[in-house]
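Enquirer: Dropping a structure here in structure tokens format, bear with me for questions.
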Amino acid sequence: MSVNTGAPSSAAKKRHALAFALLLLAGALFGAFYKPSPGAFSSRDDAGEEFQFATLPALPSWANAPLPDFSGYADTDEKKAAFFEFLFPRIVLANSRILLERKYLDALAAKSELTGKEKQWLKDEAKRLRVDLALAGKAQIAKLKRRLDVIPPSLIMAQAANESAWGTSRFAVEGNNLFGQWCFSAGCGLVPLSRVSGASHEVATFSSPYRSVLAYIQNLNRHPAYQTLRDIRLTDRKQQEPLSGKGLAAGLELYSERGEEYIGEITAMIRHNNLTVYDQAFAEILQDQNPAHLQQLASARDIDELLPR
Numbered sequence: 004m005s006v007n008t009g010a011p012s013s014a015a016k017k018r019h020a021l022a023f024a025l026l027l028l029a030g031a032l033f034g035a036f037y038k039p040s041p042g043a044f045s046s047r048d049d050a051g052e053e054f055q056f057a058t059l060p061a062l063p064s065w066a067n068a069p070l071p072d073f074s075g076y077a078d079t080d081e082k083k084a085a086f087f088e089f090l091f092p093r094i095v096l097a098n099s100r101i102l103l104e105r106k107y108l109d110a111l112a113a114k115s116e117l118t119g120k121e122k123q124w125l126k127d128e129a130k131r132l133r134v135d136l137a138l139a140g141k142a143q144i145a146k147l148k149r150r151l152d153v154i155p156p157s158l159i160m161a162q163a164a165n166e167s168a169w170g171t172s173r174f175a176v177e178g179n180n181l182f183g184q185w186c187f188s189a190g191c192g193l194v195p196l197s198r199v200s201g202a203s204h205e206v207a208t209f210s211s212p213y214r215s216v217l218a219y220i221q222n223l224n225r226h227p228a229y230q231t232l233r234d235i236r237l238t239d240r241k242q243q244e245p246l247s248g249k250g251l252a253a254g255l256e257l258y259s260e261r262g263e264e265y266i267g268e269i270t271a272m273i274r275h276n277n278l279t280v281y282d283q284a285f286a287e288i289l290q291d292q293n294p295a296h297l298q299q300l301a302s303a304r305d306i307d308e309l310l311p312r
């Protein structure tokens with residue numbers, strides 16, 4: 004049996020495009036063609052690398068596939084459908100792997116005593132997610148679980164479309180950077196052509212768009228600028244409400260220098276493009292959160308396994 008590497012056949016492309024077009028038409032996909040925010044804010048992110056633990060499976064090969072050429076679409080709706088089709092399985096992949104880590108945290112919380120290896124994993128995760136290293140035991144695990152959580156597909160898709168001009172910006176094409184993430188060491192990325200004199204930031208480059216998605220989620224999960232977003236998510240968790248991209252967008256005030264205007268733009272993109280249907284599709288895929296099912300999603304060799312059902 005052949006393995007799907009992220010480059011589907013011509014017939015499969017047509018079938019997927021039709022399915023996504025119908026999905027989008029269900030919510031009237033006729034939103035404005037937004038341009039990226041020039042002031043997108045981000046902290047220094049790593050190259051989208053995951054911190055490994057024993058039960059996290061190897062990434063499927065298609066996660067390393069490059070960004071397709073989205074500049075050739077004459078029809079805006081077709082471009083949007085193709086862009087969302089490309090992103091959705093990568094979002095499911097990244098989020099399912101986060102959910103596996105949350106299950107691992109639950110397992111550690113249930114133990115009366117941790118091994119040295121388990122304590123070291125918690126310490127390393129605390130460093131990665133910027134959790135106070137003075138915390139230990141169940142308090143540390145609880146804080147990590149508040150940081151280590153999923154981001155709804157609708158929010159990821161809207162920000163990716165906004166910040167990358169639907170996958171056609173220079174930073175997306177040359178650096179697989181879909182979210183305008185910055186870095187601050189010389190040579191870490193691409194120098195913005197409009198960078199003001201004296202500034203040192205660059206726009207980070209990633210080995211694949213999947214790594215950009217992963218680093219973006221990590222940025223929202225750990226940077227102090229997005230504490231409000233995490234607080235909204237935690238409240239939804241406690242009230243057993245489904246996570247909402249439009250709801251979490253309220254915590255993005257510091258993502259852009261445009262503040263509330265940027266939040267309004269992102270929520271409008273979610274609404275105009277009916278991106279909440281992807282949150283619903285994600286919830287359906289994740290109805291079964293048994294570790295075995297999460298393992299299957301987190302290592303899906305066929306990208307079709309992670310498409311909306």
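In the numbering used here, the protein residues as written are 4 to 312. C-beta atoms are modelled at their ideal positions from N, C-alpha and C, and glycine is treated no differently.
Among the candidates P63, R236, R312 and L70, whose CA atom is the shortest distance from the CA of F174?
Expert: L70
Enquirer: For the alpha helix (DSSP H) holding V216, just list the boundary residues, first then last.
Expert: P212 to R225
Enquirer: For the 8 Å Cβ check, are there 3 or more pairs between the region 226-245 and the region 254-271?
Expert: yes
Enquirer: Of all the options T270, D80, I288 and G262, which has the alpha carbon lying nearest to the alpha carbon of W169?
Expert: D80
Enquirer: What residues in its chain sit with their C-beta under 6 Å from that of G262, if we drop five residues either side in the sequence?
Expert: E256
Enquirer: For Q221, count neighbouring Cβ atoms within 10 angstroms of its own Cβ and tell me buried if that reaches 16, exposed if not.
Expert: buried
Enquirer: Candidates G183, K148 and E244: which alpha carbon is nearest E260's?
Expert: G183
Enquirer: Got a sec, what are the start and stop residues for the beta strand (DSSP E) E205 sits in?
Expert: E205 to A207
Enquirer: In its own chain, which residues sit with a C-beta less than 7 Å from the C-beta of G9, not counting the 5 before and 5 after it?
Expert: With a pLDDT of 47 at G9, under the threshold of 50, the predicted position of this residue should be treated as unreliable, though the coordinate-derived value follows. Closer than 7 Å at Cβ, skipping near neighbours: W65, A68 and I306.
Enquirer: Distance check for L193 and L136, CA to CA, integer angstroms please.
Expert: 33 Å
Enquirer: Would you kindly work out how many angstroms separate the C-alpha atoms of P294 and D239, rounded to a whole number?
Expert: 22 Å
Enquirer: According to the Cβ coordinates, are F73 and P156 closer than 8 Å?
Expert: no
Enquirer: Give me the residue from H296, R312 and T270 with the minimum Cα distance to M160.
Expert: T270
Enquirer: Over the uninterrupted alpha helix (DSSP H) stretch that includes A145, give me the two end residues.
Expert: Here the alpha helix (DSSP H) through A145 covers G140 to R150.
Enquirer: Hey, how far is the Cα of L223 from the Cα of Y229?
Expert: 6 Å
Enquirer: Can you pull the DSSP bridge partners for L193?
Expert: V206
Enquirer: Apart from the five residues just before and just after S302, which ones in its own chain have a Cβ nearer than 8 Å to its Cβ?
Expert: P60, A61, L62 and P63, listed in sequence order.
Enquirer: Considering just the uninterrupted stretch of the alpha helix (DSSP H) at Y258, what are its terminal residues?
Expert: Looking at the DSSP string, Y258 is not in any alpha helix (DSSP H), and its letter there is neither H nor E.
Enquirer: Am I right that A163 and Q143 are in contact with their C-beta atoms under 8 Å? What's the rounded C-beta distance?
Expert: Contact doesn't hold; Cβ gap of about 32 Å is too wide.
Enquirer: Taking 8 Å as the threshold (C-beta atoms), are F91 and P245 in contact?
Expert: no
Enquirer: Check whether the Cβ of K83 lies closer than 7 Å to any heavy atom of the ligand SAM, and answer yes or no.
Expert: Among the components of this structure there are no ligands whatsoever, and the ligand SAM is therefore not found.
Enquirer: Which residue marks the beginning of the alpha helix (DSSP H) containing P294, and which one marks its end?
Expert: P294 to A301
Enquirer: Return the chain-ordered list of same chain residues with a C-beta closer than 7 Å to the C-beta of Y265, the five sequence neighbours on each side being excluded.
Expert: S40, L255, Y258 and S259
Enquirer: Can you tell which of N98, G75 and D78 has its C-alpha closest to the C-alpha of D282?
Expert: N98
Enquirer: Among K146, F86, A189 and L217, which one has its Cα closest to the Cα of N165?
Expert: Of the residues K146, F86, A189 and L217, the one whose Cα lies closest to the Cα of N165 is F86.
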